[in-house]
Amino acid sequence: MNPVQLELSRRDLLISSAATIAVTGTAAGGAAAQSAGRRMDHTTTTSFTVNGEKHDLAVDNRTTLLDALREHLHLTGTKKGCDHGQCGACTVMVDGRRINACLTLAVMHEGAAITTIEGLGEPGNLHPMQAAFVKHDGFQCGYCTPGQICSSVAVLEEIKSNIPSHVTSDLNTEAQLTAVEIRERMSGNICRCGAYSNILDAISEVAGIKS
Numbered sequence: 137m138n139p140v141q142l143e144l145s146r147r148d149l150l151i152s153s154a155a156t157i158a159v160t161g162t163a164a165g166g167a168a169a170q171s172a173g174r175r176m177d178h179t180t181t182t183s184f185t186v187n188g189e190k191h192d193l194a195v196d197n198r199t200t201l202l203d204a205l206r207e208h209l210h211l212t213g214t215k216k217g218c219d220h221g222q223c224g225a226c227t228v229m230v231d232g233r234r235i236n237a238c239l240t241l242a243v244m245h246e247g248a249a250i251t252t253i254e255g256l257g258e259p260g261n262l263h264p265m266q267a268a269f270v271k272h273d274g275f276q277c278g279y280c281t282p283g284q285i286c287s288s289v290a291v292l293e294e295i296k297s298n299i300p301s302h303v304t305s306d307l308n309t310e311a312q313l314t315a316v317e318i319r320e321r322m323s324g325n326i327c328r329c330g331a332y333s334n335i336l337d338a339i340s341e342v343a344g345i346k347s
């Protein structure tokens, strides 16, 4: 092959390669843009009852129950703490059972009855657990308090329903209302101010036991 033919072949190869890369890149970019556009349209209309009031929400499928409550329904009593299910500040009750609202999606609770701190009581008409927290100074900064109170109310219902905990000594008998049981069941709710003894006193008063 003479030098002229070699140069032409090399030039043709470079032009051909550049054209191939350009076409491939454009196609991939278009596919990515279409894919992103489709993801943005992935919304679902879900319906549930919050504090006795029915709500129909159109939310992104990835929206947590916590964000649905705070950002869509503006019920900001439920707090966003760690956002990893480790502190309990976002505790609410769903169909009577307590859950971490940051760890569950809103669309998973179609038809559910949800209770937040706003649904337990209000100034002038406090829930007994709210009144006990005030009486026993069961909070300092108050950030974790909504989750603490929701969890406390649910804990007493768990014991009443004979749901065992890790410290229930005899699974063949009814769960007991004891300070040890309450401490164990409340261990998922962290109080960074350290008001644990006062929180236990508040729950114990409502439960009718001595701490």
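Note that the sequence shown covers residues 137 to 347 in this note's numbering. Beta carbons: idealized from backbone N, C-alpha and C, even for Gly.
Problem set entry | Selection from Asp192, Gly283, Arg234 and Thr179 that minimises the alpha carbon distance to Thr212 | Residue Gly283 is the option with its Cα nearest to Thr212.
For this session: Check whether the Cβ atoms of Gln312 and Ile285 sit closer than 8 Å, and answer yes or no.
Result: no
Problem set entry | Cβ pair count under 8 Å reaching 3, the stretch 238 to 245 against the stretch 291 to 305 | Contact check between the stretch 238 to 245 and the stretch 291 to 305: fewer than three CB pairs, one atom from each, fall below 8 Å, which does not count as touching.
Exercise. Going by other Cβ atoms of all chains shown within 10 Å of its Cβ, with 16 needed for buried, is Ala338 buried or exposed?
Worked result: buried
For this session: Enumerate in chain order the residues of its own chain whose CB-to-CB distance from Leu142 is below 7 Å, with the five nearest sequence positions on each side excluded.
Result: Note that Leu142 scores a pLDDT of 47, beneath 50, so its modelled location is shaky and nothing firm can be said.
Exercise. Between the Cα of Gly221 and the Cα atoms of Thr180, Glu207, Glu310 and Leu201, which residue gives the shortest distance?
Worked result: Leu201
Exercise. Are the beta-carbon atoms of Glu246 and Asn187 separated by less than 8 Å?
Worked result: no
Exercise. What span of residues does the beta strand (DSSP E) with Asn236 cover, start to end?
Worked result: Counting along the chain, the beta strand (DSSP E) containing Asn236 begins and ends at Arg233 to Asn236.
For this session: Report the three-state DSSP secondary structure of Ile250 (helix, strand or coil).
Result: In the structure shown, Ile250 sits in a strand (DSSP, three-state: E or B).
Exercise. Any idea if Leu256 is buried or exposed, counting beta-carbon neighbours within 10 angstroms, 16 or more meaning buried?
Worked result: buried
For this session: Determine the direct distance from the alpha carbon of Thr180 to that of Leu209, and round the result to whole angstroms.
Result: 16 Å
Exercise. Where does Arg234 land, buried or exposed, given buried means 16+ other C-beta within 10 angstroms?
Worked result: buried
Problem set entry | Residue of Pro259, Tyr279, Val270 and Ile295 minimising C-alpha distance to Cys218 | Tyr279
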